[in-house]
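Protein chains in written order, with the numbering used here: chain A, 1 to 341; chain B, 1 to 345.
Glycine is no exception: its CB is placed at the ideal position from the N, C-alpha and C atoms.
Worksheet: one structure, shown below.
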């Protein structure tokens, strides 16, 4: 695998569940040689510098990274499976029917519209596990994407404002980030969940509101370098307002950093939700997510009912690995773009 | 750091550690430690206030109902509870009382009328034991692994380990723990579940009980630490002092271990400090998965039985412990690396 993020391709370092500290690599060493070697000179008449060719370079580097393509394929397959699957494979995911758990391939005496094959058996509440995986995946993916969007939006605005205005305000704003960053995020989410027993949308908000710290730091750092650029000065000379500079010039130029971090945020949010659900503090019935399935199934680990544990666990690991691959590859592509500037 | 010059590079891990400070000459370590100490106090105060605000967001009546859970509670009874808990007082007054209580290590009582303090005293040593063993194990595994990967860089073994790190990095404690239980306890019967009646020393001394929880808690840390150690070593190998050492005729082993390794080790201290919140979060999950009777499990059992006071108490104590740990790591870092003194961010 020559194009795996190598040398300095900084480890996807961070925290499991709480706000992670994955940071876009800025070290020179991080530029992986194989990737660079694989990049052809700017396509179509060598017009490096136009946006079109940049996008194409990024796309090309991304596609050449086999793990990234694998990640993308996994994510797309998961989305198709969870959101389109139920149209093909019908199963009742609403009503409970208490009865003995059955293994893969056997449905047992069941609810009216449990599909005949039951490839992964039926759980203790009479849900077809295969169909349950789809329903659970929908919530996992939805919450993951939405919470990442919330976190990124808050973080970007916070970081850009702090970095752009600077001075005392910057110091205060970043101290707040420091304070929040040293709190074990999962514990705080647990406290909030116990107090308010939130529904899906509230959960999205909570997870998002506790994960915006890393993007805020990153965007602030980026803003500090961007605000001294000539084009920002030019806008200022022409009388552009601070809001215009931040929204139209600084944030668009930091978009690479933002997108890379957002990708990791999705993985983190899925993990956070799964952890909460595992602690039985997540989504309310009849909604569930992969962590919730695992939590229910783990009660039966002693009986050896692996089909209640392994499929849900694999789904979590797969989608998180996939998003991490994509994020890593995007980061590499971004560095190549920066190199060529 | 005898004989190793630091003039060469700037900070070795630019992509890392938000807390990494740029070197600045002439500021004393003492000053740095004092500033860091005040920042830690600020963090603890911040947490206390956040939890206080959350706690009081729903108003006194909801609080009274969380204590007096009978649905038939009359208004008079609720008012009585509000009065004896002082929830009718002005918020500032209440905040001050809470802070005074916390300062006296009084975290209130659980719904079953046990003092949260006594619960914490029972559970805290167990958690510290688990986390401590896990951190030591992670370092013992991750550091040699990172060095090994540096030596064998871009070879199949390096790629394999990187791939494994990716997978373990994406594997949350509840997945890994559940699968390990399924395999080792329920299928192969090698390990035994945590005993609820034994003391921590008995649990810690019995490898059949303690191995799985420690491994589960360590997996993520090993994955990220080894990747970090690897890139830290790679960075150190490009430094000027390594080139100097090579130019002076030092052998590859000496360069690797005496020059690169010792410098590459320093950022790991910061990494450890930064990972503590995550490890604390991971401990909640791990303890719940294994029914390990520590603070995390206490938090979980209190959470599902809706005992807000207990959850608040464990959160505060866990946060304070985390902050102390991070502070210790930062101070150690400042001591270990003479380049790192406090600088303006």
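Is residue i near residue j, with beta carbons less than 7 Å apart?
i	j	result
residue 210 of chain B	residue 200 of chain B	no
residue 157 of chain B	residue 214 of chain B	no
residue 236 of chain B	residue 219 of chain B	no
residue 326 of chain A	residue 72 of chain A	yes
residue 350 of chain B	residue 187 of chain A	The question about residue 350 of chain B has no answer, for chain B in this structure spans 1 to 345.
residue 261 of chain A	residue 311 of chain A	no
residue 107 of chain B	residue 294 of chain B	no
residue 336 of chain B	residue 184 of chain A	no
residue 303 of chain A	residue 207 of chain A	no
residue 223 of chain B	residue 168 of chain B	yes
residue 404 of chain A	residue 315 of chain B	Because chain A is modelled from 1 through 341, residue 404 of chain A falls outside the range shown and cannot be assessed.
residue 232 of chain B	residue 267 of chain B	yes
residue 79 of chain A	residue 318 of chain A	no
residue 271 of chain B	residue 228 of chain B	yes
residue 223 of chain A	residue 160 of chain A	yes
residue 150 of chain B	residue 230 of chain B	yes
residue 286 of chain A	residue 94 of chain A	yes
residue 277 of chain A	residue 268 of chain A	no
residue 275 of chain A	residue 285 of chain B	yes
residue 37 of chain B	residue 142 of chain B	no
residue 180 of chain A	residue 226 of chain A	no
residue 311 of chain B	residue 194 of chain A	yes
residue 324 of chain A	residue 170 of chain B	yes
Reducing DSSP to helix, strand and coil, say where residue i ends up.
i	result
residue 91 of chain A	coil
residue 295 of chain A	helix
residue 109 of chain B	strand
residue 115 of chain B	strand
residue 61 of chain B	helix
residue 191 of chain B	coil
residue 39 of chain B	helix
residue 238 of chain B	coil
residue 288 of chain A	coil
residue 211 of chain B	helix
residue 248 of chain B	coil
residue 328 of chain A	helix
residue 87 of chain B	coil
residue 71 of chain A	helix
residue 302 of chain A	helix
residue 185 of chain B	helix
residue 254 of chain A	coil
residue 196 of chain B	coil
residue 104 of chain B	coil
Could you work out which residues of chain B lie near residue i, taking near to mean beta carbons separated by less than 7 Å?
i	result
residue 345 of chain A	Beyond the ends of chain A as shown, which are 1 and 341, falls residue 345 of chain A; an answer cannot be given.
residue 76 of chain A	Near residue 76 of chain A there are no residues of chain B at all, since even the closest Cβ is about 18 Å away, more than 7 Å.
residue 313 of chain A	175, 178 and 179
residue 80 of chain A	Going along chain B, no residue has its Cβ under 7 Å from residue 80 of chain A, so there is no contact; the nearest lies around 21 Å.
residue 316 of chain A	172 and 175
Please list, in chain order, the chain B residues whose beta carbon lies closer than 8 Å to that of residue i.
i	result
residue 304 of chain A	182, 186 and 187
residue 294 of chain A	174, 175 and 178
Can you list the residues of chain A that residue i reaches, using a CB-CB cut of under 8 Å?
i	result
residue 54 of chain B	191, 192 and 195
residue 326 of chain B	182
residue 43 of chain B	178, 179, 182 and 183
residue 166 of chain B	12, 321, 324 and 325
residue 242 of chain B	Neighbours of residue 242 of chain B on chain A: none; closest Cβ ~13 Å, over 8 Å.
residue 322 of chain B	182, 183 and 184
List the residues of chain B whose Cβ lies closer than 9 Å to the Cβ of residue i, in chain order.
i	result
residue 298 of chain A	174, 177, 178, 181, 182 and 289
Under 6 Å: does the beta carbon of residue i sit that close to some heavy atom of the ligand HEM?
i	result
residue 221 of chain B	Of the ligands one can find in the structure shown there are none, so the ligand HEM has no counterpart to examine.
Run down chain A in chain order and give the residues with a C-beta less than 7 Å from the C-beta of residue i.
i	result
residue 46 of chain B	179
residue 285 of chain B	275 and 278
Quick one: which chain A residues come within Cβ less than 9 Å of residue i?
i	result
residue 71 of chain B	By Cβ distance, chain A contributes nothing, its closest Cβ being about 16 Å from residue 71 of chain B, past 9 Å.
* Ordered list of alpha helix (DSSP H) runs contained in the segment 131 to 183 of chain B, each at least 4 residues -> 156 to 170 and 173 to 180
* Asked: Along the chain, which unbroken stretches of the beta strand (DSSP E) at least 3 residues long are found entirely within the segment 98 to 169 of chain A?
  -> none
* Give, in chain order, every residue of the segment 294 to 320 of chain B whose Cβ lies closer than 7 Å to some Cβ of chain A. => 299, 300, 303, 304, 306, 308, 311, 312, 315, 318 and 319
* To do: Would you list, in sequence order, the uninterrupted alpha helix (DSSP H) runs of no fewer than 4 residues that lie entirely inside the segment 204 to 240 of chain A?
  => 213 to 226 and 230 to 237
* Going along the chain, which residues of the segment 185 to 206 of chain A sit with their C-beta nearer than 8 Å to a C-beta in chain B? -> 185, 186, 187, 188, 190, 191, 192, 193, 194, 195 and 196
* Give the residues from the segment 272 to 290 of chain A that approach chain B closer than 8 Å (Cβ to any Cβ), ordered along the chain. => 274, 275, 278, 279, 280 and 281
* To do: May I ask you to list, following chain order, the residues of the segment 75 to 95 of chain B that have a beta carbon less than 7 Å from some beta carbon of chain A?
  => Across the segment 75 to 95 of chain B, no CB contact with chain A closer than 7 Å is found for any residue.
* **Interface positions of the segment 29 to 40 of chain B facing chain A (Cβ-Cβ less than 9 Å), listed along the chain** => 39 and 40
* Please list the residues of the segment 135 to 149 of chain B that have a C-beta atom closer than 7 Å to any C-beta atom in chain A, keeping them in chain order. => none
* Asked: Whole alpha helix (DSSP H) runs in the segment 305 to 342 of chain B with 4 or more residues, listed along the chain?
  -> Listed in chain order, they are 308 to 336.
* Contact list for the segment 112 to 132 of chain B against chain A, Cβ threshold 7 Å -> Within the segment 112 to 132 of chain B, no residue has a Cβ that lies closer than 7 Å to any Cβ of chain A.
* Looking at chain B, which residues of the segment 244 to 263 of chain A have a Cβ within less than 7 Å of any of its Cβ atoms? -> Within the segment 244 to 263 of chain A, no residue has a Cβ that lies closer than 7 Å to any Cβ of chain B.
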